[in-house]
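For the sequence shown, the working numbering gives the first residue as 1336, with consecutive numbering after it. Working notes, structure below.
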Amino acid sequence: MHRRVAIIGGGAAAAALLGELLERQPPQALHLDWYTGGGTPARGVAYGTRSDRHLLNVRAASMGMFAGKPQGFLDFLQREDPAIAGTDFLPRRRYGDYLEAEVARALALGKAQGHDVQIVPFAADAVVPEVDGVTVFRNEEGRRVDAAVLALGALPPQPLAGVSAAALGSGRYVVDPWPLLAAPPAAAPDHVAVIGLGLTAVDVLLELAARWPGTRFTAISRHGRLPEPHLRAAALPSGDSAELIEAMQDAPEVRRWLHLLREAIAQEEDWRSVIDSLRPHTPALWATLSIEQRARFQRHARWAWERARHRMPPPVHESLAALERAGRLHRLRGHLQDADVDADSLRLTLRPYGGGTPQVLQAGLVVQSAGMDFDVTRTPHPLMRQLVVNRHVLPDPLGLGCQATPQGRLLHEGGTWPRLFAIGSLLRGTLWESTAMPEIRQQARAVADQLLAG
Ligand SMILES: Cc1cc2nc3c(=O)[nH]c(=O)nc-3n(C[C@H](O)[C@H](O)[C@H](O)COP(=O)(O)OP(=O)(O)OC[C@H]3O[C@@H](n4cnc5c(N)ncnc54)[C@H](O)[C@@H]3O)c2cc1C
């Protein structure tokens, strides 16, 4: 058993691991250093929002923090309001409340059991793994621990190619939407362009449209399509996903998989039941794909998968449809070629996918919402840079985090680190689905098993 453990990261993944370790009441005293990076521990990016417009995209009954208690969030809510149903989509703010309450409970339990938890409200700057331990640095001061776990979340977003320095310096091009959403300026632009149409873009559109009722929005993405909506009631489980999964495992090729999925969907009342039935099997299916097939998936199927798999709650879908009906939201297909300052606005040039005449757009504000960044080779994140530059970790060849075992042990050129782990976004290339709570809590359990073994 590893008694001295550093947990690095201040979001829900770190909280889930902390909870798993303390909840199990290990026989020997643990010494945990929890580097939270500042901010309110446990909430992280997703659950730090204070806006009730920002809803969970997973139903309440599936959002428990512990793998052994998937209904934990629902139980927490129903203690206050028994009318809340497991199928509801609640504000993410409420999930942050739940995480904080669970962390407080775990800390109290840990203290009562003689475990020592140090909350370090700063970022860890460097991590040096060795075979028999790990040293974690902050301000050039190192602390040696038996094992360390990276739970860093998505990497900070980088400006898209083609955005000029003048556009970035103008304050009219926003690379990270979250600080803007927390405190949008009172002066509303006439026209806002949103780059991306995933769930982050949806949050941006809902929030800014409500704050700025006179503003028009143009949202731009490769296909110009929004995420699919959830059904009001949960989709019924698929009849026989075992057969589908076996067929997919037998033929690990993207083209064949799409064919099999289309066939399976044709037999169901609603396509969502097929997609949802794959959820627990996604890491095993992803593991069967060669690197070429994974690259092919990224190129041809990724966006369709994201739209179908990470869906919008029905009220969110209805709000966006209302914005479109009111003529305040337009969607465009295209790819940002460049963005530059033009008098008191930005001029965007959009290139249609597959060729055609570029389109030019003027906007008073541009909000980049192009999805999570996982590429550890191009990030300015200081800790990740240090780990990559010193070759302590191996980047995923497709830019999806770091190479790791399915149980979360990070790899280096010479093999597997026995005492350096990751959970969450850094495992994207290993597991594919690795960023939502139902997956993260499984990873937290697997890493806790390894830390407490022996
Ligand atoms: C807008 C949005 C909505 C989402 N909605 C849902 C949802 O409804 N349901 C769902 O299941 N999932 C949702 N997700 C997925 C979400 O990623 C996970 O649920 C979860 O929040 C991920 O937590 P995390 O701890 O891995 O990452 P994060 O929340 O990003 O937390 C990582 C934390 O680590 C800190 N950190 C970074 N570097 C260091 C360092 N060197 N030292 C110390 N700390 C550091 C960061 O400051 C940050 O606080 C959503 C994600 C986003 C972005």
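Here a beta-carbon is modelled for each residue, glycine too, at the ideal position from N, C-alpha and C. Model, not experiment: these values are computed from the prediction.
Can you tell which of the options has its C-alpha closest to the C-alpha of residue i?
i	options	result
Gln1360	Leu1442, Leu1409, Asp1387	Leu1442
Val1380	Ala1395, Glu1355, Ala1347, Val1469	Ala1347
Ala1643	Arg1591, Gly1559, Val1609, Leu1487	Val1609
Arg1801	Gly1699, Trp1592, Glu1437, Gln1721	Residue 1801 lies beyond the residue range present for the chain, which begins at 1336 and ends at 1789; the question has no answer from this structure.
Glu1768	Glu1748, Asp1538, Gly1736, Ala1461	Gly1736
Ala1781	Gly1743, Leu1593, His1450	Gly1743
Thr1751	Ser1760, Thr1371, Thr1740	Thr1740
Val1589	Arg1614, Phe1756, Leu1620, Pro1615	Leu1620
Arg1646	Trp1606, Leu1733, Val1466, Glu1627	Trp1606
Thr1553	Arg1631, Ala1402, Asp1525	Asp1525
Ala1639	Arg1597, Leu1671, Leu1787, Arg1660	Arg1597
Thr1375	Tyr1433, Leu1786, Arg1614, Leu1671	Tyr1433
Leu1766	Gln1493, Arg1560, His1616	His1616
Met1336	Asp1677, Gly1468, Pro1649, Met1400	Gly1468
Gly1403	Glu1355, Thr1470, Arg1591, Arg1567	Glu1355
Arg1614	Tyr1370, Ala1349, Ser1397	Ser1397
Arg1546	Val1728, Ala1518, Gly1764, Val1466	Ala1518
Gly1832	Gly1764, Gly1691, Ala1501, Ile1758	With the chain represented from 1336 up to 1789, any question about residue 1832 goes unanswered, as that position is not in the structure.
Arg1663	Ala1420, Ser1654, His1565, His1670	Ser1654
Pro1426	Ala1349, Gln1672, Val1463, Phe1408	Phe1408
Gly1690	Ser1704, His1670, Ala1678	His1670
Val1463	Leu1718, Asp1731, Leu1787, Val1438	Leu1718
Pro1491	Glu1774, Gln1703, Ala1783, Asp1731	Gln1703
Ala1522	Gly1399, Pro1548, Pro1514	Pro1548
Val1701	Thr1692, Leu1683, Pro1693, Thr1712	Leu1683
Pro1564	Arg1394, Val1723, Val1438, Pro1520	Arg1394
Val1438	Gln1785, Gly1399, Val1728, Glu1659	Gly1399
His1558	Pro1405, Gly1764, Ala1705	Ala1705
Leu1485	Ala1630, Ile1775, Trp1592	Ile1775
Counting C-beta neighbours from all protein chains within 10 Å, is the total for residue i 16 or more, i.e. buried, or is it exposed?
i	result
Ser1625	exposed
Val1340	buried
Thr1535	buried
Asn1725	exposed
Gln1584	exposed
Ala1657	exposed
Pro1488	Checking the sequence shown, residue 1488 turns out to be Gly, not Pro. With 16 or more Cβ atoms within 10 Å of its Cβ, Gly1488 is classed as buried.
Val1695	exposed
Thr1714	buried
Asp1611	buried
Tyr1688	exposed
Asp1410	exposed
Phe1457	exposed
Asp1784	exposed
Gln1602	exposed
Report the rounded CA-to-CA distance for residue i versus residue j, giving the unit in angstroms.
i	j	result
Gly1531	Arg1637	14 angstroms
Leu1745	Ser1680	45 angstroms
Ala1482	Gly1749	18 angstroms
Gln1633	Ala1577	25 angstroms
His1716	Glu1415	40 angstroms
Arg1493	Asp1710	The residue you asked about is not Arg; residue 1493 is Gln in the sequence shown. Cα to Cα, Gln1493 sits roughly 10 angstroms from Asp1710.
Gly1497	Ser1505	15 angstroms
Arg1429	Glu1435	10 angstroms
Pro1665	Pro1512	One detail in the question is off: residue 1665 reads as His in this sequence, not Pro. About 19 angstroms.
Leu1762	Met1707	13 angstroms
Leu1353	Gly1372	15 angstroms
Val1728	Leu1755	10 angstroms
For ligand 3, is there any heavy atom lying closer than 7 angstroms to the beta carbon of residue i?
i	result
Asn1474	As presented, the structure is devoid of ligand 3, carrying ligand 1 as its sole ligands.
Look up residue i in the DSSP assignment and give the residues it is bridged to.
i	result
Tyr1508	Val1701
Val1462	Val1471
Ser1576	None, per the DSSP bridge assignment.
Gln1323	An answer regarding residue 1323 cannot be provided, because it is not within the stretch 1336 to 1789 covered by the chain.
Met1647	Pro1564
Counting only beta-carbon separations shorter than 8 angstroms, does residue i have a partner in chain C?
i	result
Leu1391	The structure shown contains no chain C; it holds only a single protein chain.
Would the stretch 1356 to 1371 and the stretch 1443 to 1460 be scored as touching if the rule is three or more Cβ pairs under 8 angstroms? As far as the Cβ criterion goes, the stretch 1356 to 1371 touches the stretch 1443 to 1460, which means the pair count is three or higher.
For the pair the stretch 1386 to 1396 and the stretch 1465 to 1478, tell me if three or more CB-CB distances fall below 8 angstroms. With a cut-off of 8 angstroms, the stretch 1465 to 1478 and the stretch 1386 to 1396 do not count as touching, because too few Cβ pairs lie within range.
At a cut of 8 angstroms, does the stretch 1410 to 1430 reach the stretch 1365 to 1374 through at least three beta carbon pairs? As far as the Cβ criterion goes, the stretch 1410 to 1430 does not touch the stretch 1365 to 1374, which means the pair count is below three.
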